[in-house]
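A.B. asks:
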Amino acid sequence: MTVEQIDPTDVDTEIADVIDIRDEDSFAEGHIPGAENVPLDNLEEVVDEREWNDEVVVACYVGQTSQQAARLIDAYADDVIVASMSGGYKKWDGPLRQSNK
Amino acid sequence: MTGPSLDDVTDSPDELDDETATQLVKEAAEVQDMTGEVCPYPQVEAKKAVQQLDEGALLVQETDHVPSTENVPRAVGDDAEAKVWRSGNGLYRIYLWKQ
């Protein structure tokens, strides 16, 4: 089972929903502006019910667990392009936003 | 959730039966408890441990993080042959034989 990979430099947060599956602490320390934190454990609970944008990019630490998360979203979301951000935050070179937990 | 779970969308290696899995743990050169840990720590520790093993020796990782059952075997690549055991209650063991 494969899932589309997207290079971090090609992630357009204006178009795609960025779903950050890291834990809350990591998200608070710095995340892609506009990203939404849905830790992996929570994702299983909400994946069936939530509305997904037409394009979804899943981001994690190194771009591996995001592949399984992207497959899970893809299994539930019809007509949605779901991609895993290759290399994860380790390769993310863009701006980061901090937030309060 | 009515459809596939994270378990269903994770590409794990072939499974071991309960008896074989239990016996092999006793024969393992090293057992790493990775419960509560997430990527990339289990991958890094598996790669380090496999490098230390003699050819044919077995490393076992215990995990409750389903994606590790795909990501850890992928991380060690051709350095180890991988199998997985599913307890059925959220605990998994990844068996890695040094090649």
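Sequence order for the protein chains is F and H.
Under my numbering, residue 101 is the last one in the first sequence; the count climbs by one each step, no gaps.
Under my numbering, residue 1099 is the last one in the second sequence; the count climbs by one each step, no gaps.
Note that beta-carbon positions come from the ideal geometry of N, C-alpha and C, so glycine has one too.
1) Hey, residue 1097 of chain H and residue 1021 of chain H: beta-carbon distance below 8 angstroms or not?
2) Give the residues of chain F in contact with residue 1091 of chain H, contact being defined as C-beta atoms less than 9 angstroms apart.
3) Report all residues from its chain with a CB closer than 7 angstroms to the CB of residue 1053 of chain H; omit the five preceding and five following residues, and keep chain order.
4) Residues in the same chain with beta-carbon distance under 7 angstroms from residue 43 of chain F, minus the five sequence neighbours each way, listed in chain order, please.
5) Determine the chain H residues that contact residue 62 of chain F at a beta-carbon separation under 7 angstroms, and present them in chain order.
6) Is residue 44 of chain F close to chain H? Criterion is C-beta to C-beta, closer than 8 angstroms.
7) If you measure beta-carbon to beta-carbon, which residues of the segment 1052 to 1085 of chain H are closer than 9 angstroms to chain F?
8) Which chain F residues are close to residue 1006 of chain H, counting only those with a beta carbon under 7 angstroms from its beta carbon?
9) Would you call residue 1036 of chain H buried or exposed, if buried means 16 or more other Cβ atoms sit within 10 Å of its Cβ?
10) Looking only at C-alpha atoms, which of F:75, F:49, F:94, F:25 sits nearest to residue 85 of chain F?
11) For residue 90 of chain F, I'd like the list of residues in its chain whose CB is within less than 6 angstroms of its CB, leaving aside the five on either flank, ordered along the chain.
12) Measuring CA to CA, which of F:87, F:77, F:6, F:9 is closest to residue 1003 of chain H?
13) Where does residue 1063 of chain H fall in DSSP's three states?
14) Considering just the uninterrupted stretch of the beta strand (DSSP E) at residue 83 of chain F, what are its terminal residues?
15) Determine which residues of the segment 83 to 100 of chain F have a Cβ less than 7 angstroms from any Cβ of chain H, and write them out in chain order.
16) Counting pairs of Cβ atoms below 8 angstroms between the segment 51 to 60 of chain F and the segment 1003 to 1017 of chain H, do you hit three or more?
C.D. replies: So, to answer that:
1) no
2) None at all; the shortest Cβ gap to chain F is about 15 angstroms.
3) 1029, 1059, 1098
4) 21, 69, 72
5) 1039, 1040
6) yes
7) 1065, 1066, 1067, 1068, 1070, 1071, 1074, 1075
8) 44, 68, 72
9) exposed
10) F:94
11) 62
12) F:77
13) strand
14) 81 to 85
15) none
16) no
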